[in-house]
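Numbers given in my numbering equal positions in the sequence shown, counted from 1, plus 2.
Backbone N, C-alpha and C define an ideal beta-carbon position, used for all residues, glycine too.
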Amino acid sequence: MIDATVYKHVLGSFPSGVTVITTLDDDGSVVGLTASAFSSLSMDPPLVLFCPNYASDSYPVLIRQKRFAIHLLSGEQQAEAYAFARKGKDKASGIEWSMSELGNPILAGATAVIECELWREYEGGDHAIMVGKVHNLIASEEAPQPMVYCRGKMASLPAFA
3 MIDATVYKHV LGSFPSGVTV ITTLDDDGSV VGLTASAFSS LSMDPPLVLF CPNYASDSYP
63 VLIRQKRFAI HLLSGEQQAE AYAFARKGKD KASGIEWSMS ELGNPILAGA TAVIECELWR
123 EYEGGDHAIM VGKVHNLIAS EEAPQPMVYC RGKMASLPAF A
């Protein structure tokens, strides 16, 4: 048996980037979640994956809408990361965003954005494994200064030229 506290401590020692995944609900409101479980998957076809908790209130909306935007957060977006990590509605309140041509809410200030449609979903214990087919890529003109998450804390890396 694996002790949950030790498991979280050990796996939390692996730094990862921080993403926010957004979509619109049936009323046109922005919904989404913060996820550090994100990865590229395939070049042909272009696929990425992220792993939301089944208990997330945004998970059923993501499944129903079948399209979403994955934001690779910059080090200056801790407010966005915390806003979308909480439960409830109005997560985008006070956060600057715009609508993409593909109909996804895009948060201002991200290092990059990946717009996807749901390609497949798999079971992964208490999390889903959602695979998105990439339809659009948006990259910031500035040198990326990504946000990282390690041992329960968020920090900014120096800019990469």
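- At a cut-off of 3 residues, the continuous stretches assigned as beta strand (DSSP E) that sit fully inside the segment 98–138 are 99–101, 107–109, 114–126.
- Shown here for Ser142: same chain residues with a beta carbon closer than 6 Å to its own, the five before and five after excluded, namely Thr113 in chain order.
- Met45 sits exposed, since fewer than 16 C-beta atoms from the chains shown fall within 10 Å of its C-beta.
- The straight-line gap separating the alpha-carbon atoms of Leu104 and Glu123 is approximately 21 Å.
- C-alpha of Phe86 to C-alpha of Thr24: approximately 9 Å in a straight line.
- Look at Tyr9 here: in three-state DSSP terms it is helix.
- By the C-beta criterion, the segment 17–34 is judged to be in contact with the segment 45–63, since at least 3 inter-stretch pairs fall below 8 Å.
- For Ala110, the closest C-alpha among the options Leu74, Gly127, Asp92 is that of Leu74.
- Closest by C-alpha distance to Asn106, out of Ala6, Asp28, Leu13, Ala81, is Asp28.
- A residue is called buried once 16 or more other Cβ atoms fall within 10 Å of its Cβ, and Ala94 is buried on that count.
- In the three-state DSSP reduction, Arg66 falls in the helix class (H, G or I).
- When the alpha-carbon of Phe40 is set against those of Thr7, Gly77, Leu49, the nearest one is in Leu49.
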